[in-house]
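2 protein chains.
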Amino acid sequence: MPKRLLAHFNQYVSISEEEFMDILPYFERKTARKKEMISRAGVSCDQTYFVLEGCLNMYFTTEKGSERTVQFAIENWWLTDDLAYINKQPTEFNIQAVEKTAYLVISHDQHMKLLERFPKLEKYFRSIYQIAYGASLIKFKFLQDLSKEEIYFHFTENFPGFAQRVPQYLIASFLGLTPEYVSEIRAKRRS
Amino acid sequence: MPKRLLAHFNQYVSISEEEFMDILPYFERKTARKKEMISRAGVSCDQTYFVLEGCLNMYFTTEKGSERTVQFAIENWWLTDDLAYINKQPTEFNIQAVEKTAYLVISHDQHMKLLERFPKLEKYFRSIYQIAYGASLIKFKFLQDLSKEEIYFHFTENFPGFAQRVPQYLIASFLGLTPEYVSEIRAKRRS
Chain A
1 MPKRLLAHFN QYVSISEEEF MDILPYFERK TARKKEMISR AGVSCDQTYF VLEGCLNMYF
61 TTEKGSERTV QFAIENWWLT DDLAYINKQP TEFNIQAVEK TAYLVISHDQ HMKLLERFPK
121 LEKYFRSIYQ IAYGASLIKF KFLQDLSKEE IYFHFTENFP GFAQRVPQYL IASFLGLTPE
181 YVSEIRAKRR S
Chain B
1 MPKRLLAHFN QYVSISEEEF MDILPYFERK TARKKEMISR AGVSCDQTYF VLEGCLNMYF
61 TTEKGSERTV QFAIENWWLT DDLAYINKQP TEFNIQAVEK TAYLVISHDQ HMKLLERFPK
121 LEKYFRSIYQ IAYGASLIKF KFLQDLSKEE IYFHFTENFP GFAQRVPQYL IASFLGLTPE
181 YVSEIRAKRR S
């Protein structure tokens, strides 16, 4: 299953099977049960995660104690608190498995060593961060442009894979809505 | 002034003055008057911009006709609609100079050629996109975690350079607030 990462590399750069055998030891392969915590707020963030199968949820807890998702990661997505990761500083985000999840972990130090040894992976990471940043600009647009109801249906219609796998309350949280509001607009549309 | 880009490269990678002489011709140096349009929604996005001096504003027009900022760029920041840029597709964003602005432009084709010729610049762009993406995750957190009033004062207190240079109505738009609301909370705090 780690070959999913090789296939993902090869969407952007050219990595041979032999090279991948040298790349893989920089990573640790792990699995998490549904709802298992992978990393916690308050500790130094020095790892990033690549999802092989399953789904991860990065969220924070508001002052009032509710949990709000800022990013999901499904297969072929990377996830961490990137600013904290770059600076190896404490993160304010938790990362948790939404469902049973197989993933690869790399530490910041190993990541930097990997990039030094295989500089062509810089292009891969440049590409994935550029796409992630570009997508976040579009998300800002949606959050400002659409009504709450439109945001919800836009998301579920454009990302049906997410909408079917991720519990409603997490999708609501990711979109800045309350679960009650989502139940209401879903009921309205069904009727 | 283009040397600002050389200095910025050298925060992340090592580029000599000689190399920079070979890099610079990939860019075009331009200036824009205050409020001048730099690129428009509806056309194919095949350029990205590096601000040497001044400030650029990327915004879209809502269905109701109001303008909403999704990103500013001041000195040493890159700005474009990255997803449209990667795919050379039409953008829904306009880019306009907030004040008199000197900037460098590179086309997508020239950018890709530059990266092929100087692969070490992949590391530079990997770093800047990773930072930009990391910052957007933090922005999502603030938008979900803080009240509208807290969002405004958090922004102006943490980025005083922006708050002093950028007109209030643009800051309001960037933070998803109305100019009237910003006037109100500023008046409240002064009183």
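Same order as they appear, the protein sequences are chains A and B. full-length UniProt numbering puts the first residue of the first sequence at 1, with every later residue one more than the last. full-length UniProt numbering puts the first residue of the second sequence at 1, with every later residue one more than the last. We put the CB at the ideal spot given by N, CA and C, even for glycine.
Near B:L143, what residues of its chain come up, given a Cβ to Cβ distance below 6 Å and the 5 sequence neighbours on each side ignored? Numbered from 1 along the second sequence, position 143 holds the residue referred to as residue 143 of chain B. Same-chain partners within the cutoff: there are none.
Pick from B:T178, B:L146, B:E150, B:Y181 that is closest to A:S66, judged by C-alpha positions: Reading the first sequence from its first residue, position 66 is the one you call residue 66 of chain A. Taking each of B:T178, B:L146, B:E150, B:Y181 in turn and checking the Cα distance to A:S66, the smallest one comes out for B:L146.
Counting C-beta neighbours from all protein chains within 10 Å, is the total for B:D46 16 or more, i.e. buried, or is it exposed? In the second sequence, residue 46 of chain B corresponds to position 46, counting from 1. It counts as buried.
A:T61: which of A:T156, A:N87, A:Y181, A:S173 sits nearest, CA to CA? Counting from one through the first sequence, the residue named residue 61 of chain A turns up at place 61. If we check each option's Cα against that of A:T61, A:S173 comes out closest.
Could you round the C-beta distance between A:T48 and A:Y85 to whole angstroms and report it? I think they count as a contact, below 8 Å. Sequence index remark: in the first sequence, residue 48 of chain A carries index 48 (1-based). Sequence index remark: in the first sequence, residue 85 of chain A carries index 85 (1-based). About 6 Å separates the two Cβ atoms, so the contact holds.
As a quick exercise: from A:L137, A:V166, A:F162, pick the residue whose alpha carbon is nearest that of B:V70. Translated into the one-based positions of the second sequence, residue 70 of chain B becomes position 70. The option with the nearest alpha carbon to B:V70 is A:L137.
Chain B contacts from the region 123-139 of chain A (Cβ-Cβ distance under 7 Å): K123, F125, R126, Y129, Q130, I131, A132, Y133, G134, A135, S136, L137, I138
Flag this pair as touching only if the region 125-137 of chain B and the region 123-135 of chain A have three or more C-beta atom pairs under 8 Å; answer yes or no. The region 125-137 of chain B is in contact with the region 123-135 of chain A.
Test item: CB-CB of A:V105 and A:E36 under 7 Å: As a first step, residue 105 of chain A must be located in the first sequence, where it is residue number 105. As a first step, residue 36 of chain A must be located in the first sequence, where it is residue number 36. For A:V105 and A:E36, no; Cβs fall outside 7 Å.
Any C-beta of chain B within less than 8 Å: which residues of the UniProt domain "Cyclic nucleotide-binding" (11-115) of chain A qualify? Those residues of the UniProt domain "Cyclic nucleotide-binding" (11-115) of chain A that come within reach of chain B (Cβ to Cβ, closer than 8 Å) are M58, F60, T62, E63, R68, V70, Q71, D81, D82, L83, A84, Y85, I86, E92, F93, L115.
Report the option in B:V182, B:F93, B:F155, B:T101 whose CA atom is closest to the CA atom of B:R40. For this step, residue 40 of chain B is matched to residue 40 along the second sequence. Answer by Cα proximity: B:F93.
Looking at the C-beta of A:Q164, does it have a partner C-beta in chain B at a distance below 7 Å? Here the question's residue 164 of chain A lines up with position 164 in the first sequence. No, A:Q164 lies away from the interface with chain B (no Cβ there is under 7 Å from its Cβ).
Hey, quick one: how far does the alpha helix (DSSP H) through B:N158 stretch, first residue to last? For the purposes of this step, residue 158 of chain B is identified with residue 158 of the second sequence, where counting begins at 1. B:N158 -> alpha helix (DSSP H) spans 148-158.
Taking only three categories from DSSP, how would you classify B:P90? Mapped onto the second sequence, residue 90 of chain B falls at position 90. If DSSP states are grouped into helix, strand and coil, B:P90 belongs with the strands.
Taking DSSP's pairing of strands, which residues face B:M37 in a bridge? On the second sequence, position 37 is the one that residue 37 of chain B refers to. Note: B:M37 sits in a beta bridge opposite B:Q96.
Rounded C-alpha distance that separates A:L83 from A:F155: Here residue 83 of chain A is taken as the residue at index 83 of the first sequence, counted from 1. Here residue 155 of chain A is taken as the residue at index 155 of the first sequence, counted from 1. Between A:L83 and A:F155, the C-alpha separation is close to 26 Å.
Are any of the Cβ atoms in chain A nearer than 7 Å to that of residue 233 of chain B? This structure cannot settle anything about residue 233 of chain B, because the visible part of chain B is limited to 1 through 191.
Reference B:A32; option with closest CA among B:R189, B:N158, B:E116, B:K100: Reading the second sequence from its first residue, position 32 is the one you call residue 32 of chain B. Closest option to B:A32, Cα to Cα, is B:K100.
Among B:K3, B:M21, B:D81, the one whose alpha carbon lies nearest that of B:L114: Working through the second sequence from its first residue, we reach residue 114 of chain B at position 114. Of B:K3, B:M21, B:D81, the residue nearest in Cα terms is B:M21.
Range of the contiguous beta strand (DSSP E) that encloses A:M112: As a working note, residue 112 of chain A is residue 112 in the first sequence. Careful: A:M112 lies outside any beta strand (DSSP E), inside the alpha helix (DSSP H) at 108-117.
Strictly under 7 Å for the Cβ-Cβ distance: is A:K141 near chain B by that measure? Residue numbering aside, residue 141 of chain A sits at position 141 when the first sequence is read from its first letter. Closer than 7 Å to some Cβ of chain B, the Cβ of A:K141 qualifies, so yes.
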